[in-house]
Each structure stands twice: as C-alpha cells, then as structure tokens.
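*Asks:* Positions -23 to -1, 1 to 501 (mature numbering (1 follows the signal peptide of the UniProt record, and there is no 0)) are the ones given, in order, by the sequence shown.
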Amino acid sequence: MDPHGALFFYLCLLAAQVVLVETLSDLLVLMKRLEQPVGRGLSSRVRHIHSLEQKLLNASFGGHNLTLQTNSIQSLVFKLSCDFPGLSLSSTTLTNVSQVRAPHAMQFPAELTKGTCVTSRPAELRLICIYFFTAHLFQDDRNSSLLNNYVLGAQLDHRPVNNLQKPVNISFWHNRSLEGYTVSCVFWKEGASKSSWGAWSPEGCYTEQPSATQVLCHCNHLTYFAVLMQLSGDPVPAELQVPLEYISFVGCSISIVASLLTILLYAQSRKQSDSTTRIHMNLNGSVLLLNVTFLLSSQMTLPTMPRPVCKVLAAVLHYALLSSLTWMAIEGFNLYLFLGRVYNAYIRRYLLKLCMLGWGFPALLVLLLLMIKSSVYGPRVTSLSKSQENGTGFQNVSMCWIRSPMVHSILVMGYGGFTSLFNLVVLAWALWILCRLRAREKAPSPWAYRDTAMVLGLTVLLGTTWTLAFFSFGVLLLPQLFLFTIFNSLYGFFLFLWFCSQKRYSDAEAKAEMEAVSSSQMTH
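1. Could you check what DSSP says for Val437 in three-state terms: helix, strand or coil?
2. Looking at the strands, I want to know which residues DSSP matches up with Phe164.
3. Take Ser232 as the anchor and find which of Trp177, Asn261 and Asp118 has the nearest alpha-carbon.
4. Rounded C-beta distance between Ser148 and His81? I'm assuming under 8 Å.
5. Out of curiosity, what's the CA-to-CA distance linking Thr90 and Phe55?
6. Quick one: Cα of Thr253 to Cα of Leu199, how far?
7. Within the same chain, show all residues whose beta-carbon is closer than 7 Å to that of Val353, passing over the 5 residues directly before and after it, in chain order.
8. Using the rule of at least 16 other Cβ atoms within 10 Å of the residue's Cβ for burial, across every protein chain shown, is Ser68 buried or exposed?
9. Could you have a look at Asp110 and say whether DSSP puts it in helix, strand or coil?
10. For the alpha helix (DSSP H) holding Asn261, just list the boundary residues, first then last.
11. With distances taken Cα to Cα, identify the nearest neighbour of Thr239 among Asp3, Leu5 and Phe471.
12. Using DSSP with H/G/I as helix, E/B as strand and the rest coil, what is Cys94?
13. Where in the segment 6 to 52 do unbroken runs of the beta strand (DSSP E), each at least 3 residues long, occur, reported from the N-terminal end onward?
14. Which residues mark the beginning and the end of the alpha helix (DSSP H) in which Cys229 is found?
15. Taking its Cβ as the centre, do 16 or more other Cβ atoms sit within 10 Å of Gln365, making it buried, or is it exposed?
16. Under three-state DSSP, which class holds Pro187?
17. Mind checking Met333: buried by the 16 CB within 10 Å criterion, or exposed?
18. When DSSP builds the beta bridges, which residues end up paired with Ser466?
19. For the alpha helix (DSSP H) containing Leu328, list its first residue and its last residue.
20. So, with DSSP's three-state summary, where would you put Cys196?
21. If you drop the 5 nearest sequence neighbours on each side, which residues of the same chain put their C-beta closer than 8 Å to that of Gly92?
22. Between Cys(-12) and Phe38, what straight-line distance do the alpha-carbon atoms span, to the nearest angstrom?
23. Can the beta-carbon of Ile105 be found less than 8 Å from the beta-carbon of Glu12?
24. Given a threshold of 16 other Cβ atoms within 10 Å of its Cβ, counted over all protein chains shown, does Gly355 qualify as buried or as exposed?
25. Could you give the residue range of the alpha helix (DSSP H) that holds Asn311?
26. Output the boundary residues of the alpha helix (DSSP H) element that contains His81.
27. May I ask you to report which of helix, strand or coil DSSP gives Ala131?
28. Does Glu308 pass the burial test, meaning 16 or more other C-beta atoms within 10 Å, or should it be called exposed?
29. From Val(-3) to Leu7, what distance separates their C-alpha atoms?
30. Under 8 Å by Cβ, that's how I've got Lys187 and Val145 pegged, so tell me the actual separation to the nearest angstrom.
31. How would you call His41, buried or exposed, if buried means at least 16 neighbouring beta carbons within 10 angstroms?
32. Since Tyr482 sits in a beta bridge, which residues does DSSP pair it with?
33. Under the assumption that Trp475 contacts Leu445 (Cβ atoms under 8 Å), give the Cβ distance between them as a whole number of angstroms.
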C-alpha cells in the first residue's frame, strides 16, 4: 500500500473511532439524564426513553454486541441474523453488572426473528435490551410496587413483536422469601392511563413461581416487563391442596350423578306443568353445568392446554356460576310469590321470562366481557404456602378462571353477595311467616313440622351455603375452606334430596286426595 493510501486508511479508521466514541458518549449522557428524579418534566423523560431506544438501534459499533452501564440503567445491543438460534441473558454472566443487585435473566426463542424474516431477509437485525434498576419512570396511577424496582425491556429492530408461539422467559430473583405477597407478571402499556404515560397490564404474560425467591414470566411479546407485588390475604397451606381437591372431585361427581337422576325423575313425573318444579329443574341444569365445567377446569393440566381452550373453558365456568346464582335468586323470588299469596296471580309467559333472566342475563354479561376485553379469562395462578427447611415458600396452582381482580370482585363476589343477601332476606321472611302459622296452632301439628323441615330444605335450595365464601380470613379460613368445599360440591346432591322429598310429599298428598274421593263416593 502506498503512503497516500495508508494515510487515507488511517484517517478513516480514526474518524470511525471518533464517531463511535461520540455515539457511546451521547448514549451514556442520555442514560444519566434518565437517572435523575422525575419532577415536572416527565414527558421529557419519556422522550429520552424513546430517544435512547432509537439511538441504540442505530448505534455503530464493532463486534456483535454492545454493553453500556450507568448507576441504575444498563443497555445492551445485539446484532442478529435471520438464522437466529435463540439467546439467553443472565445478570450473573453479563459484564459490568453490580453483584449487589438481585439477579435477573431473559431468554429469547429462535422464533423471535421469524416474523421479520418471512417478508424479507435483512442483512442485520438489532435486538436491544434496556434494564432499569429503578421504577421512578414507570409509576402508574396506583403507585404499584415492583419487585426489586426492576423494569426489564427488550425491542427487536424498529418492528413490534407480538403473539409469539414460544414466549420470552424473564426471570426475577429476590434476596428474601416472597411469602405474604401476590406476584404477577406485567408489561408497560403506553397510553393506558390519563395521568401517566402508561399503566401496568398482565395481558399476554403468564406468571410462575418456581421457588419462594424466584418469579418466572412467560410473555408473548416484547416491551418493558416487571413483577407487581401486592400484599396477599392469609396464605392457604399447600398440604391442604390434595384433600380439598379430593373432596371437590368426589362431591362434584356425586352432584353430577344426582343432577342427572333428578332430571330423569322429572322427565317421568306427571306434574310437568308445575312451574315451581320447572324452576327447580333449571336450577339443577345450571348446577350440573357448573360441576362439569369446574371439574374440567381444575383437572386438565394448563401447560398442555392451548390458551384459547383455557379462555373458553374459563368463560363457560363463569357463565355456569352466574347462571346458578341467578336461578338461586329466582327460587327466592318464586318463594316470595308463593308465601305472599300472589302465586295464583296470572303472569303472562312467567317461565319464559324467568328462563330469559336465568340463562340469558349471565350469557349477556360473559359475552360483553369477551367483546370488551377477552383477556379477563385464562389461566389464573393461586399461591399456596409450603413449609421448607429454610422457611416458607410458595407453590402455584393454576386453573382456567377469571384473571382480572376487578371482574372477580364485581361479577363473582359482588354478584354472589347480592344473590345471597336477597335469598337470606326471603328465607328470614319465610321463617317469620311459618312461626306465625305455628303460633296460631294450639298444639304442634304434623303440618307445622313439615313446614319447618321444608324451610331447612329451603336454606339449601336458596344457596345460603355460598355465603361461606365471605368468611375466608383469619382463624375462619381453614374451617371455611372445608365447609365451603363440602357443602357446595354436594349442592347438586342436596337438590336431589329436596326433589325426592317434595315428590314423596306430592305423591302422598295425591294418594290422600284419592282416598278421600273414593270414601265420599262410597258414603253416597
């Protein structure tokens, strides 16, 4: 190479190094600005975050990866190709990471670049990871608490990555046990809040807790991830899982058989025109659906179940529960009409209107939820406390159910509470009426005893045992769990006993009427 060519090559190399140094310097300055406490200039910090993302995606550097580190922010850049085999990152192997911080890790599947490389095959793709070890830039309206105050973000090139078949796995560790906390994996959803620049959302993320100090997030997209921490209620011991599941399985199985027998006996009954009996059968049908869907939801394994199937099963289970509660309220309303002496009043298409309420109204609620936000249904994780040698850990149990705490509070606890309160008022009123009737009797008659037994049966028919759900706290937690599981898993069997007793009474009453008619004919 001649002297002029060598000089030109040296100047180009020197210029490239100067540009690289200036680029890295600009990135570090931007990262340090983001570390400053958020004051009035939150919007400027948001612009700085987006500016940092763009600068990292466009940064020029030698080699296949770049790492930048400040006190509370770490930025990583990787050069990828369409033949991407996958990538695992761990804070224990990354350079320039403080050992004082709690460890974390991210695992990207090989599918990550597939969506981009299907339409075109770019020569180079950029994967950037930005780790914030402070949460002051991601405060939502609720001022949520984040595990370790970590926010781990990732972005592939300038394109969004969504609906991955194999999820991105993000692991968070804590230096202490997470006992007493409910943890959930979330992502930062920009524009989801009016007072902040975003909000935390669990959509597309599945939470696991392999140990008392680790949270594993499976998410089907790329963005900023974190783990929400909330103080949980009294933890349920993991040792009770097996007996409670056994009681639920046996009780629901007995109730399913009992409900089927009740429906078969009703089909053979001669008094099919009785609207009260038909109301009983509709309640039996809804309880049958509830027991079947509950067994399917609790017995099927979630890791092998497709998410759409789990979502449908959760929606059907919610519908069955709402329908059962509604038919219990209808039983209370029908009892009010019967004891209020207005039962014989003609109500046009009475049973049709009740069916529209008992079956149609819950269906409308579930369909509205699916249309507005279908992600409220899916795998629901419940943490059970588990005794270990080094303390108390957590064991997660999953089932297909409602994922949104707000929807659960309103359309499960609130709906059930309103139904139970209404039926308790009707039951108290029925007891008061029967006590007045007994007070008129000079001596206890068989009719009064039969009415007392009927009211005891009505306590089950009206679903008053479901009120046990509101006593799951403190010293009442463990007895409540067993009583609630036993009584409500056998609810279909109790309805079968009620139907048999009513059928026996109506048959005895019909036989007595026949004997009275035949004896009167003989006297004449």
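Note that the Cβ used here is the ideal one computed from N, Cα and C, for glycine as well. Fair warning: this is a prediction, and the values are worked out from it, not measured in the lab.
*Replies:* From the atom records:
1. helix
2. Ser178 and Phe202
3. Asn261
4. 6 Å
5. 13 Å
6. 56 Å
7. Leu346, Ile379, Arg380, Ser381 and Val384
8. buried
9. Note that residue 110 is Phe in the sequence shown, not Asp. In the structure shown, Phe110 sits in coil (DSSP, three-state: anything other than H, G, I, E or B).
10. Ser252 to Gln276
11. Phe471
12. helix
13. 42 to 46
14. Gln218 to Gln245
15. Per-residue confidence for Gln365 stands at a pLDDT of 47, beneath the threshold of 50, marking its modelled position as unreliable; no derived number is given.
16. strand
17. exposed
18. According to DSSP, Ser466 bridges with nothing at all.
19. Tyr327 to Cys332
20. strand
21. Arg136 and Val138
22. Caution applies to Cys(-12), whose pLDDT of 45 falls short of 50 and renders its modelled position unreliable; the model cannot decide the point.
23. no
24. buried
25. Arg284 to Leu316
26. Run containing His81: none in the alpha helix (DSSP H); it sits in the beta strand (DSSP E), His81 to Phe85.
27. strand
28. buried
29. Note that Val(-3) scores 46 on pLDDT, short of 50, meaning its location in the model is unreliable and no value can be drawn from it.
30. The identity of residue 187 in the sequence shown is Pro, whereas the question assumes Lys. Actually they do not touch by this definition, with Cβ atoms about 17 Å apart.
31. exposed
32. None; Tyr482 has no bridge partner.
33. Between Leu445 and Trp475 the Cβ distance is about 19 Å, and since that is not below 8 Å, they are no contact.
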